[in-house]
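Everything on this sheet refers to the single structure shown next.
Quick look at the structure:
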């Protein structure tokens, strides 16, 4: 159950309108690694979780915070659009190249569809979609996904920080950067704790009996490109992070198999295949040709 | 540049046809965490990389291997479909509930669109799409994405392992499980090496000057749900994984701000707003009503 | 800002596992008119609203409730999947047509991707997407969209009610039906109030100066099909709902214009066009042919 | 059956080329509420309709008209692009910021993909898709969807009206505005007629036995946000639009239930769960640590 | 301008209900190569065409016919669904495996969303989308696209023909097969005529000055796989179809270039790169390690 | 199996940075007819093929080459972005309209998401998707699809050639144009060979017994538009390309059928239908009205 409070977690007001920047901010609102993604991802992980207690409380606790970040970004975007030129003729697009340039760089649906409002899309206008989230039920896999999401997110916010010098916007971004710092650390701590407490080990999923995998290649680097430096990394020699093997290095595959013969499905699927009478047919055609010549 | 060799990295032939299983295998071919995803993800990371040498050689080396995994799965799927009932009337769907059930569980486009062939889609028929991949240019973020992809992928393959007892299919899966074990280990090793060699630290991106984030909340757990056990985790007290702070715990937000007032964009965007003469209008209407009564 | 409470608004537990029904329930969780849609739609309307007070409080108040409905459905789906056959070989798919039929009717990603968990998708596995929502800033238009969403939603829940006889599921649906009844009524009441208070009139948007539209056809039914009964409706004669005109009826268009001539863009876009020397070219070719014969 | 006539319903020729505006016009051609949407929506409602006569004639009559509007917009867009700078080097993008700005604001696929032609996409380049339409078979729900579509559409056209001062474009828009006025009125009239004639009542679907919903909350406003003004609306007290109840107001939920315990699906789905030996494992680890210290 | 007539081009009524088949038929209604695709494709080609006369009349003439085919399929699907079991509990899904199997094979949105009606989706439930169509303005390219669309379409209809023995359905399919035969022939005839009349030649686009392409490789087969039989085809020796060259065969590339060095974009994009002080940093770390040991 | 070599097939380095052009190049990398499409299309055709030998070797041989073209374009795009203004504040967007215009025309995700790297998207930012490819198992249909793909691709590259005067970019494009010339010719040659050798004939699929189609309309042009010139083409009279018939011309349909009556599905799907007591209800209402008046 969610209760909404008409307050923000942090001040979210720009000094100046800036419709081009509003479009860029959409990335961290509605993009692959935007706030809608992490909010939904953590909540679905909670709803699908198979263990009560601290891990479930954690995903619910942070998931709810992230919905508040969606709200902070949406209100910021609406304010950036409020007094900005959005292509109305009076904006003199035709005459002033600066204004024309600005209008050219906006999300034109901000004006036409949302009437100067935020939208659940990324910075190129692609709608947010459910495939952005990850919630597998395996917590070590999912917390690694979460750590990645916070890293990608913080990288994007850091880039956006340098694309404006609006003091109000930067303040909000500095807050989001700090929360991303926290959340990166937290997911890495949680992933470590999961392993220390015996919930899950590497390789994920750890309770699949490893004897049933083809162990001859479980710790073997096989190089399918011709870059020789790949042999120099810690992934090509020495102990493996899961503590269960030693890396080895091999140029190309260590096993190969012939490609199976082509399939011949039911003829009523009308694929092209070797017909029994192909040879005859061709022979006939060749003869026809010879006759004509 | 890619050279194709008409061999497979491993034997990929089922013992029996099974169209329902063919559909399920599509998940690890063309799903969010399927082989197309990792192949494309590693290659784009290589093409966008800003540093030569072992890390680039690594993504190219594994990316090319993954394209070969796409091929192994596609040929397996085509063989699983080869002699399976696919809804042709002669399959007696109407009469035999077992056959009907099988046909009901297939990807019907396998027959109608591909003529008993594999497709670049997931197990529910959603087409593979470019948003599945991650290639940010920041290697610590991206290698964490890669580790996650291999964990999710290995979890899915492990689940699929129990959904068949076909010996040929299981052999292929046992090979893929082993490679996922290798690749999980390898990306974690590479992520560690990146940090040890000073390329990148936590929090990602590490060269953003952390003094510009709102540091008061950089290591503070803020609990937006009412689960008290969230306070018990290693993310609520003690040193942080980035080695730069101490976690603290707080119930709910530590900062709040009033929600900014509603925006008032250009009236020619025709949003609904308080009109200057609203009060008058309403007064008039009320009077009209009173008169009528 | 959102606070999460680990309680549900209503009891949400099935009597029996049912993976096929879990898939169907996804429609009202993650479909075009599912709970994610209305939750996001009302919230974006709030964030983009240009007027403070009761209308904004309304969308925030109901939007937050709807996120709780997402949660009730997600937990219900996870429970429906908990003990259900999901295609694990031990489920004896091969032998028992009933089990095979059940497995064939499931969302196979429930098992392979989510490990028996809910997903942000509809009943055919299409991911939820941002284009499902409507938030234009014009409240009369948007409240009409909301009324429609609640009507479509209640219709879908009513259909789902007859697709199960599980008492626990039906109890949850009876609760959702009641809330949809409330929300239908509420949006219609709000739309009426908007008009009575002078915020907005028909036709939407009402402050566009109607004199600038081509008024000759503003209230004219033009019948482009050959169904004569279209003339019998209240849309073909009598006063119009906006109180500003009288409907009239006309067979087909009342105005026509010739189609403009084809365009001739820059030749470096390599479209096919009448070449200046076409005639000559053809003449030459014909002559060539004659010579050969 | 459709017959095409090489005439337009109204004059559709711009005074001047304008590629930036051509892109904006795509919204009302191929966007969520563009003409393709309404054309397809009304036709599918006709094909799926369960009652002959005036309602079916109506959707067919207007649906066919809307396909003609698609045509008017497509020909207009092709003409706007005909002589406009589209990024050909000779357009001197590099030197003249005005031209650069114009080119920057275009749909670059207009040139690269369509060779200066219209496309079935919206103003941000997202392809039109089938999920934009609504055709449930319940006519009161669907006519409400139609009224909403015409309101959103007219709002977008009104916004676009102010984004150009090209006389030819404005003439076409003034025609479309008038038809949207007509269609808004018509769907509202049809929705009213449906109810008056007893086809359907509120709440939709009206023939679902309302006694089977959880009536205690059927007319109760439950406020999940902290905005007190929500209590002031006509949705919080007084008779309900469906004529069957009285609105009441409540702060937050009137019913709650504990969240069900976490699920424990088959272990071969490899979700993370409380392992039987977790306690022992942790104890062992702690002891190990103590020994080391 | 389109006029709709409430007649079909051909009889479209099934003998028996069949919801599973209704789902399959969706492929040729709303799939990649379904009737919506060809209808929209031909119409957009017409609206974007740069030459008046027979080619434009052709695309308009056939495009309008195809919209009628959409209608025939939609009405057929609605009838196939009319009396079929759609998962209503009374259908006894739980008890009768045959019925369960049938329901498992349906498009469940047919019942839940459309109330037993057709939908603008393919046979796996993916919504139709604008990217399915092709309209480049180059007629030789586009007519080749059209020929392909009719070939794919006829192949799919032929497959569907064998998936039912319902006489009514087969009659409709036999009609569609005949029209696909016609349309395949027609587009090939039109493509030939375009070339004979000098509108366009091979290679498309023919008015691009071929001297500006890198002619050394214009007619050279370069084999990037190790299949030797590729050298045996008519594409590896002899005259080329465009009449302008001779095919030659080469194993692998005939030109190569070193991969350019990695890029080094602005450091504020926070990609990982060789830092100036990397060497020093690593040296320091190594020393630290040595000290500790 | 794929082996990667760290070389390019051709030199791929621009003379100057150009972020706007980098965005445009995305079309031929990740668009509907970009290099990812043809690479994946040819490979899937190979994996699904039912005949060994030269045709399979051909698709594998060219498919692998196309993956190398993806790589050339991705490295080119990364270089075009390397030193280009990407919206960093120091780029002085606010002051210099030329820079502002440039930034406005970029793919803003190039900077925010990829840190100046290439992405698997088209020039409007839509992600590449699996529905772009065609692999039906019928080789004549598929080779026609391939010919079309190369024609559309070459047309797009030719257009892009005129949108830059960067010598390095043009060199790469001249190489791609030449390969597209080759590939167009090759697919047309292969399609011809398929027919000459008796694998497949027109109409596709040729082994469907043509006597089962409704032959009365197999070669009949039916004109559903009012353009009279459609009768002048070679598709309206004379022998058909498949060598099996004679074209004829007819104004409009030659067969028609009445539209079937509306369907009446199960009432628990809550569609609107003629209720048994409708007449009574209306009569009652009318009487009520009369009483009131």
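Residue numbers (the numbering used here), protein chains in the order written: chain D, 1 to 293; chain U, 294 to 586; chain E, 587 to 879; chain L, 880 to 1172; chain G, 1173 to 1465; chain V, 1466 to 1758.
Think of the CB as a built atom: it goes at the ideal place given N, C-alpha and C, for glycine as much as any other residue.
- Listed along chain U, the residues sitting closer than 7 angstroms to residue 724 (chain E) by beta-carbon distance are 563, 564, 565.
- For residue 1688 (chain V), the enclosing beta strand (DSSP E) begins and ends at 1685-1688.
- Put simply, the CB of residue 1271 (chain G) is far from chain V, with every gap to its CB atoms at 9 angstroms or more.
- A check of alpha carbon separations from residue 1575 (chain V) across V:1491, V:1649, V:1522, V:1631 identifies V:1491 as the nearest.
- Residues of the same chain with a CB within less than 6 angstroms of the CB of residue 816 (chain E), apart from the 5 flanking positions on each side, are 809 in chain order.
- Inter-residue distance for residue 247 (chain D) and residue 907 (chain L) is about 59 angstroms (C-alpha atoms, whole angstroms).
- Here residue 1508 (chain V) is not near residue 1484 (chain V), since their CB atoms are 9 angstroms or more apart.
- Under the rule that a run must span 3 or more residues, no beta strand (DSSP E) segment is found entirely inside the segment 1198-1249 of chain G.
- Close CB contacts of residue 331 (chain U) within its chain, under the 6 angstroms cut and outside five residues either way in sequence, are with 359, 442 (chain order).
- The DSSP assignment places no complete run of the beta strand (DSSP E) inside the segment 721-749 of chain E (cut-off: 3 residues).
- Sequence-distant Cβ neighbours of residue 1729 (chain V) in its own chain, meaning closer than 8 angstroms and more than five residues away, are 1738.
- Annotation for residue 1711 (chain V): the continuous beta strand (DSSP E) segment containing it runs 1711-1716.
- No Cβ of chain G is located within less than 9 angstroms of the beta carbon of residue 359 (chain U).
- Contact note: residue 1332 (chain G) reaches chain U through 405, using a C-beta cutoff of 7 angstroms and chain order.
- Rounded to the nearest angstrom, the Cβ distance from residue 771 (chain E) to residue 1098 (chain L) is 7 angstroms, consistent with a contact under 8 angstroms.
- When Cβ pairs closer than 8 angstroms are counted between the two stretches, the segment 1606-1623 of chain V is seen to touch the segment 1311-1318 of chain G, the count reaching three or more.
- In the DSSP assignment, no residue is bridged to residue 407 (chain U).
- Put simply, the segment 1561-1572 of chain V touches the segment 977-986 of chain L. At least three CB pairs are less than 8 angstroms apart.
- For the pair residue 1543 (chain V) and residue 1583 (chain V), the CB atoms are nearer than the 9 angstroms cut-off.
- When Cβ-Cβ separations below 9 angstroms define contact, residue 317 (chain U) makes contact with chain E.
- One Cα belongs to residue 374 (chain U), the other to residue 306 (chain U), and the distance between them is close to 12 angstroms.
- Straight through space, the alpha carbons of residue 58 (chain D) and residue 948 (chain L) are spaced by roughly 53 angstroms.
- Taking 9 angstroms as the CB threshold, residue 1034 (chain L) lines the interface with chain U.
- For residue 483 (chain U), the CB contacts under 6 angstroms within the same chain, skipping 5 residues up- and downstream, are 436 in chain order.
- Close CB contacts of residue 1628 (chain V) within its chain, under the 8 angstroms cut and outside five residues either way in sequence, are with 1486, 1489 (chain order).
- In its chain, beyond the 5 residues on either side, 916, 919, 920, 923 have a beta carbon closer than 8 angstroms to the beta carbon of residue 1012 (chain L).
- Secondary structure of residue 1721 (chain V) (DSSP, three-state): coil.
- DSSP places residue 1118 (chain L) in the strand class (E or B) of the three-state scheme.
- Residue 238 (chain D) and residue 171 (chain D) have their C-alpha atoms some 46 angstroms from each other.
- The three-state reading of DSSP puts residue 1376 (chain G) in coil, since its state is none of H, G, I, E or B.
- Per DSSP, residue 1475 (chain V) is not a residue of any alpha helix (DSSP H), being assigned neither H nor E.
- Against chain D, a Cβ distance below 8 angstroms from residue 1132 (chain L) picks out 1.
- Not a single CB atom of chain V sits nearer than 9 angstroms to the CB of residue 900 (chain L).
- Of all alpha-carbon atoms in V:1725, V:1525, V:1548, the one lying nearest the alpha-carbon of residue 1180 (chain G) is that of V:1725.
- Its Cα nearest to that of residue 122 (chain D), the residue E:717 stands out among E:733, E:717, E:591, E:702.
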